[in-house]
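First the structure, in the form of structure tokens, and then the observations on it.
Chains as they are written, first to last, in this note's numbering: chain A, 1 to 417; chain B, 1 to 91.
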């Protein structure tokens, strides 16, 4: 169905009891043109763009649990395109532009809210680095403003500007950054892809790949039987190594746990997204009033989807250093998600050495903001067997060629990215 | 998650730094580019039991080899590895 003010009014008159399903619940067919493994934001966005841009509608998205039950529903919902390096900057801006038109494209309210992302700086050296980043953004046509302390005070007067150790000198603001409702993004892509004919199959875990005599992938084995496919795309960040291993591949990725937090609801306080430049802490306020925040990954390999207390302490200390005003706010929930930490902190969207198998992985903890761009670029790759201009550097073999995209300059130590 | 350091007793994991999988061994200097690519960049990324190297920087400053389940965080054994860095090169 098409959602509009009229459909809302109609449903309201019948007490909201007659809303039709947002997407169908089909049985898997024997054969598809393309099978996408992973029903998160990236997988669903890929299916949508395959159907919408490339006319490939005989597509299935296979999800082992329910769609959006992985990282798509566990992130802190931040969207931004304030990157520095070639390869990243154009890609994330393309993604940002897709966020701006997403709701009308998908006919779904994803609550995209461009209320600004503010990165604070606390030293002269950090100001210079942010000025450089801001200039790189502007050269690429992206909005950025370098604020001094007075400028930050206007936006967020409650911050601890005179912290003895980390005084706030100013910040780099991307006004078009902000947040989006993560679940609604998943549901919106599912709704739009389903309408174009894509089968979204939940509770269907991929357990292996079927290959022909030449080694080409011809389909997937699943908990609901074998499903044939002309091409198979993997979009299972967190578990990429496990799924790729079924095709005999080893990846430049480690899986790590990242925790996120939400507080009890309070009155409007935080105007947009604010990040602490002297530690690792980022916070925004949801429309329900809860403070949504996070920090570093725990730092050890994990598939457990839960973390440990030292990082909880560290994140809360970062929050208190930045804004002591939240000291008496109670924590409501805390959870963990599993990140594909790549060896240079940047993602991989590429063909694999296995014919017919395509990989979308390595998003570290920046996958949510990339959702629309990732789907767009990955669909382009699968449909045309060629790299999209904006994703052309996210190659799987870039580590071998020495063409890393290392925003933080940390080298091949994934827990430091 | 608490790690039972053989020298200091059980301590919270915040006292430790993580190096990662203990399995990759530095190839001989003339082993060639592919061997080094494998060593530096590729990982088994085990879901299950794995031997890994931790450093007790907040305690005795020893390198430890920890056998741990990456799915449950259960720890099975912790052994001291004197000169873990040197050992990596040796084998």
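For every residue, glycine included, the Cβ atom is placed at its ideal position computed from N, Cα and C. The structure presented is a predicted model; accordingly, all values stated were derived computationally and were not measured.
- Under the three-state reduction of DSSP output, residue 133 (chain A) falls in the helix class.
- A Cβ-Cβ contact shorter than 8 Å links residue 211 (chain A) with residue 218 (chain A).
- Your pair residue 160 (chain A) and residue 90 (chain A) does not check out as a contact, with CB atoms roughly 36 Å apart and the cut at 8 Å.
- Under the Cβ criterion of 8 Å, residue 334 (chain A) is not counted among the residues facing chain B.
- In this structure the region 127-147 of chain A does not lie against the region 243-262 of chain A, because fewer than three pairs of beta carbons, one per stretch, are closer than 8 Å.
- Distance between residue 54 (chain B) and residue 270 (chain A), taken at the CA atoms: about 38 Å.
- Residues are counted here when their Cβ sits less than 9 Å from a Cβ of chain A; for the region 43-61 of chain B these are 43, 44, 45, 46, 47, 48, 50, 52, 54, given in chain order.
- Annotation for residue 226 (chain A): the continuous beta strand (DSSP E) segment containing it runs 225-234.
- Setting aside the 5 residues that flank it on each side, residue 138 (chain A) is surrounded in the same chain by 144, each with a C-beta closer than 7 Å to its C-beta; the list follows chain order.
- The Cβ-Cβ distance between residue 373 (chain A) and residue 390 (chain A) falls below 8 Å.
- In the same chain as residue 1 (chain A), and ignoring 5 residues on each side of it, the C-beta atoms closer than 6 Å to its own belong to 20, in chain order.
- For residue 399 (chain A), the chain B residues whose C-beta falls within less than 7 Å of its own C-beta are 37, 41, listed in chain order.
- Annotation: residue 392 (chain A) has no Cβ neighbours in chain B at a cutoff of 7 Å; minimum Cβ distance is about 20 Å.
- With respect to the 8 Å criterion, residue 240 (chain A) and residue 303 (chain A) are not classified as neighbours on the basis of their beta carbons.
- The C-alpha of residue 339 (chain A) lies about 11 Å from the C-alpha of residue 298 (chain A).
- Within the region 226-243 of chain A, the residues whose Cβ lies closer than 7 Å to some Cβ of chain B are 241, 242, listed in chain order.
- The C-beta separation of residue 36 (chain A) from residue 235 (chain A) comes to about 6 Å, placing the pair in contact by the 8 Å criterion.
- Here residue 81 (chain A) is buried, its C-beta having at least 16 other C-beta atoms within 10 Å.
- Counting the other Cβ atoms within 10 Å of the Cβ of residue 208 (chain A) gives fewer than 16, which makes it exposed.
- Closer than 8 Å to the CB of residue 71 (chain B) there is at least one CB belonging to chain A.
- Straight across, the Cα-Cα distance linking residue 232 (chain A) with residue 39 (chain B) is about 29 Å.
- Between residue 169 (chain A) and residue 95 (chain A), the C-beta gap is not smaller than 8 Å, which leaves the two residues out of contact.
- By the neighbour-count criterion, in which 16 or more other beta carbons inside 10 Å mark a residue as buried, residue 9 (chain B) falls on the exposed side.
- In the structure shown, the three-state DSSP call for residue 361 (chain A) is strand.
- In this structure, the straight-line span from the alpha carbon of residue 388 (chain A) to that of residue 19 (chain B) is close to 36 Å.
- Contact between residue 61 (chain A) and residue 39 (chain A) holds, with the beta-carbon distance rounding to 5 Å and staying under 8 Å.
- Note that the C-beta distance between residue 66 (chain A) and residue 202 (chain A) is below 8 Å.
- A distance below 6 Å between beta-carbons, with the five flanking residues on each side excluded, links residue 28 (chain A) to the following residues of its chain, in chain order: 201, 224, 227.
- In this structure residue 285 (chain A) is buried. Its beta-carbon is surrounded by 16 or more other beta-carbon atoms within 10 angstroms.
- As DSSP reads the structure, residue 258 (chain A) sits in a beta bridge with A:297, A:337.
- Residue B:7 holds the alpha-carbon nearest to the alpha-carbon of residue 81 (chain B) among B:43, B:2, B:7.
- Apart from sequence neighbours up to five positions away, the residues of its chain that approach residue 243 (chain A) with a beta-carbon distance below 7 Å are 37, 206, 234, 236, ordered along the chain.
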